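Trainee: Here you go, one structure.
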Amino acid sequence: AVTRTFSIIKPDATRRNITGAVTKMLEDAGLRVVASKRIHMSREQAEGFYAVHKERPFFGELVDFMISGPVVVQVLEGENAMQANRDIMGATNPKDAAPGTIRKELAESIEANTVHGSDSDENAAIEIAYFFKPEEIVG
Ligand code: CMP
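Be aware that the sequence shown starts at 2, since it is given in the UniProt record's numbering, and climbs by one per residue.
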């Protein structure tokens, strides 16, 4: 089925001016950008977004990194979009990511790993609603 997922192009990618290269890899994987905006998250916004990780040892650094520069938040649409996006992103740690994936080809480290993608359809709906109003999504 055609579904939607949520993606963030992270500050390491905006800093290196490679948001187009990342988006091309998403599009080449069959995903369509149906909403996109460049934002600079507040600390409160980033903490809320990553609330599921707040007990993790890396939470503070993760939030600091995610507010260190602008990001591009996107809604992606395609056949089984959540899984298709996870496949093209590759493993969280670029050292473990397969050749041809965004993280293998472009990421700097496990923290500066270029992209976030929702890990389930349920979380995709929650994450999309965190950043986008329904009318901002144009399929
Ligand atoms: P993301 O998909 O955005 O979700 C949580 C993020 O935490 C993850 O990608 C990584 O970029 C980041 N992170 C930083 N350190 C770690 C770690 N040791 N293990 C897992 N994720 C980490």
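Ideal Cβ positions, reconstructed from N, Cα and C, are used throughout, including at glycine. All values reported here derive from a predicted model rather than from experimental measurement.
With DSSP as the reference, please indicate the residues paired to Ala-98 in a beta bridge.
Mentor: One-based indexing of the sequence shown puts residue 98 at position 97. The partner list for Ala-98 (beta bridge, DSSP) is empty, contrary to what the question assumes.
Trainee: Going by the C-beta, is Asn-114 closer than 7 Å to any heavy atom of the ligand CMP?
Mentor: What you label residue 114 is simply residue 113 of the sequence shown in a count that begins at 1. Under cutoff, so the answer is yes.
Trainee: Helix, strand or coil: how does DSSP classify Gly-79 here?
Mentor: As a working mapping, residue 79 is identified with position 78 in the sequence shown. Of the three classes helix, strand and coil, the one that applies to Gly-79 here is strand, per DSSP.
Trainee: Taking Cβ to Cβ, would you say Ile-9 is nearer than 8 Å to Val-116?
Mentor: Start at 1 with the first residue of the sequence shown, and residue 9 comes out as number 8. Start at 1 with the first residue of the sequence shown, and residue 116 comes out as number 115. Against a cut-off of 8 Å, the Cβ pair of Val-116 and Ile-9 comes out as a contact.
Trainee: Does the beta-carbon of Leu-107, which I'm using as the reference point, lie nearer than 7 Å to any heavy atom of the ligand CMP?
Mentor: Translated into the one-based positions of the sequence shown, residue 107 becomes position 106. Not so, every heavy atom of the ligand CMP lies at least 7 Å from the Cβ.
Trainee: Is Thr-20 near the ligand CMP, with its Cβ less than 7 Å from a heavy atom?
Mentor: Within the sequence shown, the letter at position 19 stands for residue 20. For the ligand CMP, not one heavy atom lies less than 7 Å from the Cβ of Thr-20.
Trainee: Less than 8 Å between the CB atoms is what I'm expecting for Met-90 and Thr-6, so what's the real figure, rounded?
Mentor: The sequence position of residue 90 within the sequence shown is 89, counting from 1. The sequence position of residue 6 within the sequence shown is 5, counting from 1. Going by Cβ atoms, the distance from Met-90 to Thr-6 rounds to 10 Å, so no, they are not a contact pair.
Trainee: Nearest to Gly-79 by alpha carbon, out of Phe-132, Asp-97, Thr-20 and Leu-27?
Mentor: The count along the sequence shown starts at 1 and reaches residue 79 at position 78. Nearest C-alpha to Gly-79: Leu-27.
Trainee: Please report how far the alpha carbon of Ala-36 lies from the alpha carbon of Gln-46, in whole angstroms.
Mentor: For the purposes of this step, residue 36 is taken as the residue at position 35 of the sequence shown. For the purposes of this step, residue 46 is taken as the residue at position 45 of the sequence shown. Distance between the alpha carbons of Ala-36 and Gln-46: 19 Å.
Trainee: Please indicate yes or no: does the CB of His-41 lie closer than 7 Å to some heavy atom of the ligand CMP?
Mentor: One-based indexing of the sequence shown puts residue 41 at position 40. Because no heavy atom of the ligand CMP lies under 7 Å away, the Cβ of His-41 does not count as near it: no.
Trainee: Under 6 Å Cβ to Cβ from Arg-44, same chain only, skipping five residues before and after it: list those, please.
Mentor: On the sequence shown, residue 44 is found 43 positions in, with the first residue counted as 1. Answer for Arg-44: Ile-68, listed in chain order.
Trainee: What did DSSP end up calling Ala-36 once you bin it into helix, strand or coil?
Mentor: Translated into the one-based positions of the sequence shown, residue 36 becomes position 35. Here Ala-36 sits in strand by DSSP.
Trainee: Between Asn-124 and Val-3, what straight-line distance do the alpha-carbon atoms span, to the nearest angstrom?
Mentor: For this step, residue 124 is matched to residue 123 along the sequence shown. For this step, residue 3 is matched to residue 2 along the sequence shown. If you take the alpha carbons of Asn-124 and Val-3, they lie about 16 Å apart.
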